[in-house]
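Trainee: Okay, handing you the structure first.
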């Protein structure tokens, strides 16, 4: 077996001894430490002495492991910089691994293969249950559903063989952050302005992009990550808001590039993973009513409103001016603004013969299965099905949509073609990545930047 490029795995240590010991145990059992090495750096947290004793006991006799302790607390950014720039004098690539992670067998081989697949590959991260845009699944069928380790494992097993080895992303996630050694030698590591943490890895990725190096997500490397262990929640919000201002000030296209990745260039099998490997047998159906004939739409909505016998949840997308009317007429349906769709559905339906470009864009991003009712012949290669608009009553049409198409097999080649063609059309037609933000959302975003605690209160108020 060909040996991969050697890596120094750096675990910065501060607190959470049980999580740390679990992390170390996973690394020592999953990584070949006769080829790679493990560097543990204690950053003198409140429990530094107990942590030191426990860690030294845990790694005693394990080859390839080195333990160091800072003379004072440097913060996460300072600790990583010291480890990579001072303590590790090898020529190894560097993997910065959060102490609240659990790695899985083979993850490092996958990540190093991606890093060295091309000379312009600079930084790589893994997939995880908790890693923002590298989370799997990222978009959810059920709003508010938890990305547990068990659920991520289930989805990963269902889609990993359908995904490419990697995707180029605007940034890599810092929880599991593999860096080509050449970059550290030439450019250093994190900017201390982001100390003690948050935003430093994004800034590094964006700076490296300016030098021609790409950030990538390795789809076949899986690393579990605990939720919110690094800082207390209030401090986390304040740091995130303050450092976000610095990040956007330095890199004005950052937010746009993330939206472009999520809505245009991410692999659609990744985007729709939660629908490809559903967590339950409920069919989640989106009915897009833009341009729909009134009679057919009304019959379908009436049937959906009374469809307690179907194992389905129906969402209706209508323009804001009609939202109140539809909610009153069909109280059992979830009604959403088409410009502010979030999440994904098992199947999306349009009741119009020739969907407008904005509508096609919306449907493409809403579901891996699109059904066009009354559509023209050209849509047979674009959708899962084109159904006639006549000969239906609302109930039979709804049953057909749920039973025949809610779990229909997905042609991944067709899905990728539809996604790619839509991205090309969106660019050609200058379809915006983000819909205009409503006033109340702008207020909350401003508060989040300047007064995070007040933003939290405001969000709770707006939910009621």
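Residue numbers (full-length UniProt numbering): 1 to 464. Quick reminder that beta carbons are idealized off the backbone N, C-alpha and C, glycines included. Remember, predicted model here, so these are calculated numbers, not experimental data.
#1: Tell me which same chain residues have a C-beta within less than 7 Å of the C-beta of residue 35, skipping the five on either side of it?
#2: Keeping to the same chain, check which residues put their C-beta closer than 6 Å to that of residue 179; ignore five residues upstream and five downstream.
#3: Under the assumption that residue 422 contacts residue 364 (Cβ atoms under 8 Å), give the Cβ distance between them as a whole number of angstroms.
#4: Quick check on the DSSP output: the alpha helix (DSSP H) that includes residue 399 runs from which residue to which?
#5: Does the Cβ of residue 150 have 16 or more other Cβ atoms within 10 Å, making it buried, or fewer, making it exposed?
#6: Please determine if the region 213 to 229 and the region 130 to 145 are in contact, where contact requires at least 3 C-beta pairs separated by less than 8 Å.
#7: Among the residues of its own chain, which have a CB less than 7 Å from the CB of residue 289, if the five just before and after it don't count?
#8: If you run the structure through DSSP and keep just helix, strand and coil, what is residue 42?
#9: Drop a sphere of 10 angstroms on the beta-carbon of residue 74, count the other beta-carbons inside from all chains shown, and report buried for 16 or more, exposed for fewer.
#10: Exposed or buried, residue 96, counting other C-beta atoms within 10 Å across all chains shown (16 or more means buried)?
#11: DSSP beta-bridge partners for residue 216?
#12: Going by DSSP, what residues sit across from residue 407 in a beta bridge?
#13: Using the C-alpha atoms, what's the distance from residue 327 back to residue 302?
#14: Take residue 235 as the anchor and find which of 203, 198 and 106 has the nearest alpha-carbon.
#15: Are the CB atoms of residue 221 and residue 110 within a distance shorter than 8 Å?
#16: What did DSSP end up calling residue 463 once you bin it into helix, strand or coil?
#17: Between the C-alpha atoms of residue 77 and residue 190, what's the straight-line distance to the nearest angstrom?
#18: Can you tell me which of 353, 187 and 172 puts its alpha carbon nearest to the alpha carbon of residue 380?
#19: Give the secondary structure of residue 431 by DSSP, where H, G and I count as helix, E and B as strand, and everything else as coil.
#20: Give every residue of the same chain whose Cβ lies closer than 8 Å to the Cβ of residue 27, excluding the five residues on either side of it in the sequence, and list them in chain order.
#21: Taking all protein chains shown into account, decide if residue 201 is buried (16 or more other Cβ within 10 angstroms of its Cβ) or exposed.
#22: Does the Cβ-Cβ distance between residue 333 and residue 314 come in under 8 Å?
#23: Is the distance from the Cβ of residue 63 to the Cβ of residue 33 below 8 Å?
#24: Is it buried or exposed, residue 14, if we count other Cβ atoms within 10 angstroms and call 16 or more buried?
#25: For residue 194 and residue 243, I'd like the C-alpha separation in whole angstroms.
#26: Please look up how many angstroms separate the CB atoms of residue 269 and residue 159, rounded, as I've assumed it's under 8 Å.
#27: Look up residue 351 in the DSSP assignment and say whether it is helix, strand or coil.
#28: Could you spell out where the beta strand (DSSP E) holding residue 12 opens and where it closes?
Mentor: Short version:
#1: 3 and 6
#2: The residues are 94 and 123.
#3: 4 Å
#4: Taken as a continuous stretch (DSSP letters only), the alpha helix (DSSP H) holding residue 399 covers 394 to 400.
#5: exposed
#6: yes
#7: 297, 316, 317, 318 and 351
#8: strand
#9: buried
#10: buried
#11: 124 and 168
#12: Partner(s): none; residue 407 has no beta bridge.
#13: Distance between the alpha carbons of residue 302 and residue 327 is about 12 Å.
#14: 198
#15: yes
#16: Confidence at residue 463 is low in this model, with a pLDDT of 44, below 50, so its placement is unreliable and the value that follows should be read with caution. In the structure shown, the three-state DSSP call for residue 463 is helix.
#17: 6 Å
#18: 353
#19: coil
#20: 9, 11, 38, 97 and 103
#21: buried
#22: yes
#23: yes
#24: Buried, by the Cβ-count rule.
#25: 6 Å
#26: Indeed, because the Cβ distance is near 6 Å, the residues count as touching under 8 Å.
#27: coil
#28: 7 to 13
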